[in-house]
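Numbering (the UniProt record's numbering), first residue to last: 1 to 205. One structure is given below, encoded as structure tokens.
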């Protein structure tokens with residue numbers, strides 16, 4: 001069982017990095033925020049308002065696709081299972097290890113899998129894929145019980161960051177993902193923050 005603070009922190013860090021690398025996506029999120037909230041006021045979102053942020057949720061899911069916090073999902077096979085694609089039989093008693101990283105970067109499931117494209121999680125695109133093609137919270141009856149809370153938490157944090165700051169990745173910086181029980185950037189996340197109202201600049205994250 002993983003505690004949610006480490007996995008959520010890692011997911012937020014990668015989402016911020018991806019947004020800093022893609023100013024067009026960042027601006028689309030800001031426009032969505034402005035359509036829900038009053039730009040002249042500090043951002044204090046309710047759960048209902050967070051639920052209205054559909055594009056931000058697509059951004060979060062695409063970040064989780066590219067950088068799933070959990071390295072592997074284990075499942076015990078309790079009956080012989082025949083794979084429909086190959087006919088291979090997995091015998092009862094086998095322990096299966098599923099890699100979300102590998103599933104999420106399979107070009108047969110996600111064309112151009114290295115590209116950051118939140119539109120993959122539009123309603124139409126999601127409906128075309130098998131529900132188990134997206135596994136950041138595992139799947140089935142033993143999936144993560146806190147996944148809805150985690151998405152709301154990520155929405156709240158990212159909405160407040162984007163509401164107040166424009167983000168830019170530091171020139172020459174590339175995040176290097178590595179496994180430390182969970183997936184993290186082993187060289188941190190180097191971004192520049194510019195206050196949207198005062199243009200105050202700060203670096204580092």
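All C-beta atoms, glycine included, are put in the ideal place defined by N, C-alpha and C.
Rounded to whole angstroms, what is the Cα-Cα separation between residue 20 and residue 130?
Within the chain shown, the letter at position 20 stands for residue 20. Within the chain shown, the letter at position 130 stands for residue 130. Looking at the two C-alpha atoms, the distance is approximately 30 Å.
How would you call residue 111, buried or exposed, if buried means at least 16 neighbouring beta carbons within 10 angstroms?
Translated into positions along the chain shown, residue 111 becomes position 111. Residue 111 is exposed by the Cβ-count criterion.
According to the neighbour-count rule (16 or more other Cβ atoms, all chains shown, within 10 Å of its Cβ), is residue 66 buried or exposed?
Residue 66 sits at position 66 when you count from the first residue of the chain shown. Classification of residue 66: buried, given that the 10 Å Cβ count is 16 or more.
Straight-line Cα distance separating residue 8 from residue 68:
The residue you call residue 68 lines up with position 68 of the chain shown. The residue you call residue 8 lines up with position 8 of the chain shown. Spanning the two alpha carbons is a distance of roughly 10 Å.
Can you list, in chain order, the residues of its chain with a C-beta nearer than 6 Å to that of residue 75? Leave out the 5 residues immediately preceding and following it.
Indexing the chain shown from 1 puts residue 75 at position 75. If we look at residue 75 and ignore the five residues flanking it on each side, its Cβ neighbours are 96.
Nonlocal neighbours in the same chain, by C-beta distance under 8 Å from residue 158, ignoring five residues either side
Numbered from its first residue, the chain shown carries residue 158 at position 158. These residues qualify, in order along the chain: 12, 15, 16, 19, 29, 56, 59 and 60.
Inter-stretch contact at 8 Å, needing at least 3 Cβ pairs: the stretch 74 to 93 / the stretch 120 to 129
Short answer: they don't touch.
Whole angstroms is fine: what's the gap from residue 117's alpha carbon to residue 24's?
Reading the chain shown from its first residue, position 117 is the one you call residue 117. Reading the chain shown from its first residue, position 24 is the one you call residue 24. Answer to the nearest angstrom: the Cα atoms are 11 Å apart.
Measuring straight from C-alpha to C-alpha, what distance separates residue 151 and residue 144?
On the chain shown, position 151 is the one that residue 151 refers to. On the chain shown, position 144 is the one that residue 144 refers to. If I take the Cα positions, the gap works out to 12 Å.
Starting from residue 76, follow its DSSP beta bridges and name the residues at the other end.
Taking the first residue of the chain shown as position 1, residue 76 is located at position 76. DSSP lists 95 as partners of residue 76.
Cβ-based neighbour list, residue 173, same chain, cut-off 7 Å, excluding 5 preceding and 5 following:
Position 173 of the chain shown holds residue 173. Cβ within range, chain order: 190.
Quick one: using the 10 Å Cβ neighbour count with 16 as the cut-off for buried, is residue 32 buried or exposed?
For this step, residue 32 is matched to residue 32 along the chain shown. Classification for residue 32: buried.
Going straight from the alpha carbon of residue 98 to that of residue 70, what length do you get?
Counted from its first residue, the chain shown places residue 98 at position 98. Counted from its first residue, the chain shown places residue 70 at position 70. Residue 98 and residue 70: Cα-Cα distance of roughly 10 Å.
Does DSSP classify residue 112 as helix, strand or coil?
In the chain shown, the residue the question calls residue 112 occupies position 112. Annotated three-state conformation of residue 112 is coil, per DSSP.
Roughly how many angstroms lie between the CA atoms of residue 142 and residue 196, to the nearest whole one?
Numbered from 1 along the chain shown, position 142 holds the residue referred to as residue 142. Numbered from 1 along the chain shown, position 196 holds the residue referred to as residue 196. Going from the Cα of residue 142 to the Cα of residue 196 covers about 42 Å.
Can you name the start and end residues of the alpha helix (DSSP H) that residue 23 belongs to?
The count along the chain shown starts at 1 and reaches residue 23 at position 23. Run containing residue 23: 23 to 36, per the alpha helix (DSSP H) assignment.
Cβ-Cβ distance between residue 77 and residue 91 below 9 Å:
Taking the chain shown and counting its residues from 1, one reaches residue 77 at position 77. Taking the chain shown and counting its residues from 1, one reaches residue 91 at position 91. Result yes, Cβ atoms of residue 77 and residue 91 sit closer than 9 Å.
So, helix, strand or coil for residue 64, using DSSP?
What you label residue 64 is simply residue 64 of the chain shown in a count that begins at 1. Helix.
Assuming residue 53 and residue 36 are in contact, meaning their beta carbons sit under 8 Å apart, how far apart are those beta carbons, in whole angstroms?
One-based indexing of the chain shown puts residue 53 at position 53. One-based indexing of the chain shown puts residue 36 at position 36. Between residue 36 and residue 53 the Cβ distance is about 7 Å, and since that is below 8 Å, they are a contact.
Minimum C-alpha distance to residue 134 - residue among 101, 194 and 166:
Reading the chain shown from its first residue, position 134 is the one you call residue 134. Nearest of 101, 194 and 166 to residue 134, Cα basis: 101.
What do you reckon, are the CB atoms on residue 162 and residue 26 nearer than 9 Å?
As a working mapping, residue 162 is identified with position 162 in the chain shown. As a working mapping, residue 26 is identified with position 26 in the chain shown. Yes, they are a contact pair.
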